[in-house]
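Protein chains: 2
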Amino acid sequence: MTHSAPPAVPRFPVSVTVDLVIFTVRDDALHVLLVERGKEPFLGGSALPGGYVRPDEGLDEAALRELREETGLDGGRLHLEQLRSYGDPGRDPRGRVITVAYLALGPDLPAPVAGTDAARAFWAPVGEALRADFGLSFDHGSILADAVERARSKLEYTTVATSFCREPFTVSDLRHVYEVIWGIALDPSNFRRKVTRTAGFLEPTGERRTSETGRPAALYRFGGAAVMSPPLLRSGDIAGRGAGGGSGRG
Amino acid sequence: MTHSAPPAVPRFPVSVTVDLVIFTVRDDALHVLLVERGKEPFLGGSALPGGYVRPDEGLDEAALRELREETGLDGGRLHLEQLRSYGDPGRDPRGRVITVAYLALGPDLPAPVAGTDAARAFWAPVGEALRADFGLSFDHGSILADAVERARSKLEYTTVATSFCREPFTVSDLRHVYEVIWGIALDPSNFRRKVTRTAGFLEPTGERRTSETGRPAALYRFGGAAVMSPPLLRSGDIAGRGAGGGSGRG
DNA sequence: ACAAAAGTGTTAAGACTACACCCATGA
DNA sequence: TCATGGGTGTAGTCTTAACACTTTTGT
Numbered sequence: 001m002t003h004s005a006p007p008a009v010p011r012f013p014v015s016v017t018v019d020l021v022i023f024t025v026r027d028d029a030l031h032v033l034l035v036e037r038g039k040e041p042f043l044g045g046s047a048l049p050g051g052y053v054r055p056d057e058g059l060d061e062a063a064l065r066e067l068r069e070e071t072g073l074d075g076g077r078l079h080l081e082q083l084r085s086y087g088d089p090g091r092d093p094r095g096r097v098i099t100v101a102y103l104a105l106g107p108d109l110p111a112p113v114a115g116t117d118a119a120r121a122f123w124a125p126v127g128e129a130l131r132a133d134f135g136l137s138f139d140h141g142s143i144l145a146d147a148v149e150r151a152r153s154k155l156e157y158t159t160v161a162t163s164f165c166r167e168p169f170t171v172s173d174l175r176h177v178y179e180v181i182w183g184i185a186l187d188p189s190n191f192r193r194k195v196t197r198t199a200g201f202l203e204p205t206g207e208r209r210t211s212e213t214g215r216p217a218a219l220y221r222f223g224g225a226a227v228m229s230p231p232l233l234r235s236g237d238i239a240g241r242g243a244g245g246g247s248g249r250g
Numbered sequence: 001m002t003h004s005a006p007p008a009v010p011r012f013p014v015s016v017t018v019d020l021v022i023f024t025v026r027d028d029a030l031h032v033l034l035v036e037r038g039k040e041p042f043l044g045g046s047a048l049p050g051g052y053v054r055p056d057e058g059l060d061e062a063a064l065r066e067l068r069e070e071t072g073l074d075g076g077r078l079h080l081e082q083l084r085s086y087g088d089p090g091r092d093p094r095g096r097v098i099t100v101a102y103l104a105l106g107p108d109l110p111a112p113v114a115g116t117d118a119a120r121a122f123w124a125p126v127g128e129a130l131r132a133d134f135g136l137s138f139d140h141g142s143i144l145a146d147a148v149e150r151a152r153s154k155l156e157y158t159t160v161a162t163s164f165c166r167e168p169f170t171v172s173d174l175r176h177v178y179e180v181i182w183g184i185a186l187d188p189s190n191f192r193r194k195v196t197r198t199a200g201f202l203e204p205t206g207e208r209r210t211s212e213t214g215r216p217a218a219l220y221r222f223g224g225a226a227v228m229s230p231p232l233l234r235s236g237d238i239a240g241r242g243a244g245g246g247s248g249r250g
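Keeping their order, the protein sequence lines are chains A and B. First residue of the first sequence: 1, per the UniProt record's numbering; consecutive thereafter. First residue of the second sequence: 1, per the UniProt record's numbering; consecutive thereafter.
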């Protein structure tokens, strides 16, 4: 069987790109950075930012470069990880393109900078971007869906949620991230206990932040731990908040 | 911005390959399928099986084809998932090669069939293959290490361990998989309870299997569920059995 | 004083650990 | 009958869900 089958063509015209799914939490929704395409194909359509991998750079390196180009990121805390690769023939009308998708999580970032291929970069609510009629270019709808799923499950057993918070942050800031990404309300008391008792998740700064209303909240920094065990479960939501405390008393 | 910056070279000579990390549990160790390389570079060295992606096939498709070529796999239950991509310049002396690594899990497979590029395919204990002096070719040591980590953590929250068991199997067969891959002993009673009570993990066949010694064990099929929640924790090992505290009643 | 958010306390339900102990089979 | 692994029962501990309640601020 080593010589009879038609031998694979060892090299054919193929391009390698990296595409970035950059998430941030703005207001009360998860947002993804998109670019309006400045050239064909899909001219005028929306797509994930990305670009060609250069001959002399690694994949992570290319992703980091693109991230910098798109967001103007400076040294801020920011999570970047490889998501997976997509390479169906026909996913790009120009030819065979393999893309390595990366997932980036960051605090509400400054107004995005238009990248090389982009006429315009903008934040879109993920809920809208995923709708079929939004019409993301290429197979970017699938990539985005995979990224959302990855982000959701990573919140359960890791501490990456802190990547969405600019330091220092409060426990409520962090809870807000979970609530927005999971789309459920969490019990503030139990959430606090869980995250403050997970060693290395939060490091108190000793400072407090006073907001318009309510008691000032303690401020924290990320504590350096990567994982949470046991995980924080998504199932434990609290459906009807607003009923508030004091429904019955002794 | 579309014409001033030094434009990335949109296409340069790149090859795209898929590499497979095929795991099975044999005897009391996790094994990986390796091939002895039949040509340069690394002629005579050991490497993960893999091959070039063809112009007209998708990545998953290529992985499945390679898997079939290497193992002679027929319809058996078998898990295949993309692991991640590796593309550092210089990872292959022949030029720029991006490889998409896949993780495959299967029951103790038949004697492997030599693939196209392989002089010989063989099962190697993962513990040995990971040692630096084993000298896996290319960056296959890193890929293998990543695969082991992925497999270990997937056992925690999914039911993929069943992919290692030929059906029908016993609870002990399944526990053996966990013990070998995690490298710890698990309490048989508690393990049984956990897996039998996780809905959809195991489906009783009604049959039993009698072995040389001991009570016959009930036989099960995989039940179709993908995940386990809450997860089965690795921490819960049983280091020194027989220490005996006698707290339980008599 | 009141509203609102931060933060603490408490209880009951559920899951897990560490075992003791019983069951079914071959030798 | 004994050895061996299969399988059940259970007490104590740990974790969580639910929610009452106290604290601290701005208005």
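Every residue gets a Cβ at the ideal spot worked out from N, C-alpha and C, and that includes glycine. Bear in mind that the values here come from a model prediction, so they are computed numbers and not experimental data.
Check: Counting pairs of Cβ atoms below 8 Å between the stretch 163-170 of chain B and the stretch 209-224 of chain B, do you hit three or more?; Outcome: yes
Check: Confirm, please, whether the CB-CB distance from A/Ala145 to A/Phe134 is below 9 Å.; Outcome: no
Check: Should B/Asp19 be flagged as near chain A, meaning a C-beta pair shorter than 9 Å?; Outcome: no
Check: Between B/Ala161 and the rest of its own chain, which residues show a CB-CB distance below 7 Å, the 5 nearest in sequence each way excluded?; Outcome: Leu155, Leu174, Val177, Tyr178
Check: Considering only residues of the same chain and omitting the five flanking positions on each side of B/Leu64, which have a CB-CB separation below 7 Å?; Outcome: Leu80
Check: With a threshold of 16 other CB atoms inside 10 Å of the CB of A/Asp19, please say whether the residue is buried or exposed.; Outcome: buried
Check: With H, G and I counted as helix, E and B as strand and the rest as coil, what does DSSP make of B/Asp117?; Outcome: Model confidence at B/Asp117 stands at a pLDDT of 49, short of 50, so the residue's coordinates are unreliable and nothing is read from them.
Check: When the Cα atoms are used, what is the spatial distance from A/Val25 to B/Val126?; Outcome: 42 Å
Check: Cβ of B/Arg94 versus every heavy atom of the ligand ADP: is any distance shorter than 8 Å?; Outcome: Of ligands this structure carries none, so the ligand ADP is not represented either.
Check: Which same chain residues, not among the five before or five after B/Gly50, have their C-beta less than 7 Å away from its C-beta?; Outcome: Thr17, Val18, Asp19, Leu20, Glu66, Thr99
Check: Between B/Phe12, B/Arg54, B/Ala199, B/Arg193, which lies nearest to A/Asp88 when the distance is taken from Cα to Cα?; Outcome: B/Arg54
Check: Of all the CB atoms in chain B, is at least one closer than 9 Å to the CB of A/Pro13?; Outcome: yes
Check: Give the single residue among A/Phe12, A/Val35, A/Pro13 whose Cα lies nearest to the Cα of A/Phe122.; Outcome: A/Val35
Check: Rounded to whole angstroms, what's the CA-CA distance from B/Arg11 to B/Val97? Just pull it up for me.; Outcome: 13 Å
Check: In the DSSP assignment, find the beta strand (DSSP E) that holds A/Phe169 and state where it starts and stops.; Outcome: A/Phe169 -> no beta strand (DSSP E), and no H or E assigned at all.
Check: To the nearest angstrom, how far is it from the Cα of A/Glu40 to the Cα of A/Arg94?; Outcome: 9 Å
Check: Can you name the residues of chain A whose CB is closer than 8 Å to the CB of B/Arg120?; Outcome: Those do not exist, as B/Arg120 stays about 11 Å from chain A at its closest Cβ, beyond 8 Å.
Check: Check whether the Cβ atoms of B/Ala180 and B/Leu30 lie closer than 9 Å to each other.; Outcome: The sequence shown places Val at residue 180 of chain B, not Ala. Cβ atoms of B/Val180 and B/Leu30: closer than 9 Å.
Check: Under 9 Å between C-beta atoms, does B/Ala212 make it to chain A?; Outcome: Inspection of the sequence shows that residue 212 of chain B is occupied by Glu rather than by Ala. With 9 Å as the cut-off, B/Glu212 does not count as an interface residue toward chain A.
Check: By the criterion of Cβ-Cβ separation under 9 Å, what are the contact partners of A/Val100 in chain B?; Outcome: Arg84, Ser85, Gly87, Ile98, Val100
Check: Using a Cβ-Cβ cut-off of 9 Å, state whether A/Asp187 counts as contacting chain B.; Outcome: no
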